[in-house]
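The structure appears right after this line, and notes come after that.
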Amino acid sequence: MRLVNTLSLIAFSLTFFSCASDTNRISEKSKAILDMKRATDFHSFSKPEEAFVNHLEWDASVNFSDRTIDANATYKIQTSKNAERIILDIRELNIKCVKVDGKEASYEIGEEMPFIGSPLSINITPDTKEISIHYSTQPGADAFLWVEGENPFLFTQSQAILARTWIPCQDSPGVRFTYNATVKVPSNLMALMSAENPTEKNEQGYYEFRMNQPIPSYLMALAVGDVEFRSVGAHTGVYATPDLIDAAEYEFAEMEDLLVAAEALYGKYRWERYDLLILPAAFPFGGMENPRLTFATPTIIAGDRSLVSLVAHELAHSWSGNLVTNATWDDFWLNEGFTVYFEQRIMEAVYGKELSEMLASLSYQGLVKEVDEIMDLNPKDTHLRLHLKDRNPDDGMTAIAYDKGYMFLRMLEGIVGRESFDEYLKTYFSKHAFQVMDTDNFIAYLKANLLTSEELQSQAMISDWIDGEGLPNNCPKVKSDRLNKVDNILYMWSQNNALTSDIPWADWTYQERYRFLTRINSEITLDDLAELNNQFDILSTGNNEILFAWLEQAIKKKHVGSYPRLEEFLVNVGRRKFLTPLYKAMLETGQKEMALNIYNKARKNYHSVATATMDELLKIEAND
Ligand code: BES
Ligand code: ZN
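Written as structure tokens, this is what we have:
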């Protein structure tokens, strides 16, 4: 371990909040947290059983010119009887000064580990109430994406373990804290966080934030840009840049309906407001459930509200994930599987069963495909309970946690009936609100409260789902009549028993079009594909899911007429879910040169989460 002595005195004026004198007297609840048997989190150095943080005051100044944030993080902490140190996670941070109860203190930074970072160990006593860290971030910090030029923008992505690249923190989902923040940004920009947010810019570029509900570090989020706010309902609204705000207001006008439906299903929304921020297209995900303010890709603005299920998903996380949180990243399915189930139920409640069953069927289709792929690579990765020790937790972001998790819950619903299952879930969320859940505790709670007989338990085949490979025999079958019809038409067309003009493209929903495109097989020729585009002008679609599905087929069949659009799409959009299959398709069809050419132009626009995956994909192939 490297010992760093902090003798340098830093001139950084800060207003410290005053601690009430009894803040360190351990409350019953904190004692329970300290005594609790914690699931081991292999992705954090923190040792919350010795000392943990429970409130953060974050004061920061955002500098676009050198892509850094200069900040002070002051934590209130709770200590155990014999506490000697508190350990925070850091990665790529410049630590300038550490204070313990207002006095400059020494600290140690341990050896750096790949993607995990280093432990920042601060000496304390059982009486310590507060620690304070003055630090700055590095320009290449992995959580950030800085957009330069006329419309500067900064956003963070903390999940799974990137919060530590912009805030020193106990970066483990089992540690929750409330926070207040002050953030200084260039005066023409607005700052937003996963907290109570402003709706207007101010001339000083100075913003204050409060998050009164305790959240884990992976839900810390910051965005800075020239954005406007529009209210779309009593508790809901959208933020977007001026060029997108009208479109966003229209696209997400039904957000309040989703919120009302969600509350009717599983209990009160605990975060007061639910707003949506449309980020630059470089955002590596579709959405991120930052509390009170979901971050979303602009690629869900289709002009016809056809992609709102993504908002239903992120909203559902306000219960599954943000309220009841996976204890470690091995339990990720408890966040995502529950959320896909909940998303489906919201969609069914608001848009009807016909539509939600199409979505379920597409989820199943994606799951079967990915299970096959993962079984070839590493069959254990098809277990619901993941094995991410010594691996990047990002590896767990597959259809297993999402769609196998969903199918597991759907199977449980089938066994006990919807009424009992809903009652059970509602209680599950309220009983464990603002707490963690791990897979073992989930199973124990399931057996005690839902599957109360041995007969029910064996019917559910719990361990086959949790620690078994592939899809168990009792995996529900999803049937969608409308998608079956699509499959039939595709079959007829592929056999030359139907003309291209017989395809009812104009009448189809996005889900039906997506099904058609993703099921195109080797019997369909390049000429067929060109004909399809001639008839329905698919390349001009405003729906990015359709465009993506089209481009994947265009690559496979070498429909070169689509290539300019392909390049434009890949240079502008950084959503990994689109990038991976498109680059893969190029590699698999002998078009590596084109893949590398496009990637060369596009890479600088992507977030680290996306470049990490694409670098590996393109390098592995290059070595073949
Ligand atoms: N929380 C996830 C995104 C995430 C997971 C980020 C793991 C980093 C690590 C978010 O809720 C999510 O699942 N997003 C999906 C959309 C959803 C509709 C399946 C996405 O971005 O594709
Ligand atoms: Zn999710």
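Going by our numbering, the first residue of the sequence shown is number 36, and it counts up by one from there. All residues carry an ideal CB built from backbone N, CA and C; glycine is no exception.
- For Asp124, the uninterrupted beta strand (DSSP E) run begins and ends at 120-125, by DSSP.
- The region 381-391 makes no contact with the region 401-410: fewer than 3 CB pairs, one atom from each, lie closer than 8 Å.
- When C-alpha distances from Gly240 are compared across Glu458, Asp261, Thr75, Asp425, the shortest belongs to Asp261.
- Ranked by Cα distance from Trp500, the first of Gly302, Asp430, Asp416 is Asp416.
- The alpha-carbon separation between Lys636 and Val606 amounts to approximately 7 Å.
- Assignment of beta-bridge partners to Arg265 by DSSP yields Val273.
- Boundaries of the alpha helix (DSSP H) around Asn370: 367-386.
- Rounded to whole angstroms, the Cβ separation of Thr191 and Glu127 is 13 Å, and the two are not in contact under 8 Å.
- Per DSSP, Ile555 is not a residue of any beta strand (DSSP E), being assigned neither H nor E.
- Distances from the CB of Thr160 to the heavy atoms of the ligand ZN are all 7 Å or more.
- For Met496, no alpha helix (DSSP H) encloses it, and the DSSP letter there is neither H nor E.
- A distance below 6 Å between beta-carbons, with the five flanking residues on each side excluded, links Leu345 to the following residues of its chain, in chain order: Gly321, Gly322, Ile335.
- For Leu402, the CB stays at least 7 Å from every heavy atom of the ligand BES.
- Taken through DSSP and simplified to helix, strand or coil, Val343 comes out as coil.
- Relative to the ligand BES, the beta carbon of Met255 is positioned no closer than 7 Å to any heavy atom.
- Looking only at Ala95, Asn98, Lys116, the smallest Cα-Cα distance to Ala86 is reached by Lys116.
- The beta carbons of Asp563 and Met472 sit no closer together than 8 Å.
- Distances from the CB of His348 to the heavy atoms of the ligand BES include at least one below 7 Å.
- At a threshold of 7 Å, Ala316 does not count as near the ligand BES, since its beta carbon sits no closer than that to any of the ligand's heavy atoms.
- Counting other Cβ atoms within 10 Å of its Cβ, Leu412 stays below 16 and is therefore classed as exposed.
- With 16 or more other CB atoms across the displayed protein chains lying within 10 angstroms of its CB, Val267 is buried.
- Counting only runs of 4+ residues, the alpha helix (DSSP H) found wholly inside the region 446-492 occupies 453-466, 474-484, in chain order.
- Just measuring C-alpha positions, the residue of Gly137, Val133, Lys138 sitting nearest Ile144 is Val133.
- Our two residues, Ser79 and Asp124, have alpha carbons roughly 7 Å apart in a direct line.
- According to the DSSP secondary-structure assignment, Cys204 is paired through a beta bridge with Asp124.
- Within the same chain, Gly268, His270, Thr271, Tyr304, Tyr309, Leu350 come within 8 Å of Leu294 by CB-CB distance, once the 5 residues on both sides are set aside.
- Inclusion of Thr329 and Leu312 in the CB contact set at 8 Å is warranted, their separation being smaller than that value.
- Between the region 510-523 and the region 392-399 there are three or more inter-stretch CB-CB distances shorter than 8 Å, so the stretches are counted as touching.
- Straight-line spacing of the CA atoms in Val97 and Glu243 works out to 14 Å.
- Contact between Arg340 and Glu263 does not hold, since their C-beta atoms are separated by about 20 Å, which reaches or exceeds 8 Å.
- When secondary structure is reduced to three states using DSSP, Ile313 falls in the strand class.
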